[in-house]
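Read through the structure below, which is laid out as structure tokens, and then see the notes.
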Amino acid sequence: MLDISTQKVAQVILMARELDRAEGELRAFIDALAEEEAVSLVALMWIGRGTFEAEELEEALRTAREEADHPAADYLLGSPHLSDHLENGLDVLGLSAQDDEDDLIRGG
Numbered sequence: 011m012l013d014i015s016t017q018k019v020a021q022v023i024l025m026a027r028e029l030d031r032a033e034g035e036l037r038a039f040i041d042a043l044a045e046e047e048a049v050s051l052v053a054l055m056w057i058g059r060g061t062f063e064a065e066e067l068e069e070a071l072r073t074a075r076e077e078a079d080h081p082a083a084d085y086l087l088g089s090p091h092l093s094d095h096l097e098n099g100l101d102v103l104g105l106s107a108q109d110d111e112d113d114l115i116r117g118g
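The sequence shown begins at 11 in this note's numbering and counts up by one.
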């Protein structure tokens, strides 16, 4: 089970799509996450890019926790296609942030 809400993932996805103008805001947002939320975000990205399968979520979480030797924001922002990987990860896990994304875009 992920320890981050789909609303927070949606915020990361939207900011990652606008990285040229939102990098500072995205970095601050990720830095402000609780440790388990950041671990979940990294594991979700790994699942979305195919490093782990959906059935390996617990292993991905454990690996993200064990390998967290530098700030999650540095690691995640260094990953090409971050927003795509996060969306794919949610999809593979049977989750969606689309409604949350739509609410954020509308300002709700």
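Backbone N, C-alpha and C define an ideal beta-carbon position, used for all residues, glycine too.
Less than 7 Å divides the Cβ of Ala-64 from the Cβ of Leu-103. Membership of Thr-16 in the alpha helix (DSSP H) is indicated by the continuous run 16-27. In the same chain as Glu-35, and ignoring 5 residues on each side of it, the C-beta atoms closer than 7 Å to its own belong to Met-25, in chain order. Between Ala-82 and Leu-54 a beta carbon distance of about 11 Å is seen, past the 8 Å cut, so the two are scored as non-contacting. Distance check between Leu-87 and each of Asp-13, Thr-16, Arg-27 places Arg-27 closest, using alpha-carbon atoms only. Cβ neighbours of Ser-106 within its own chain (closer than 8 Å, five residues either side excluded): Thr-16, Leu-100.
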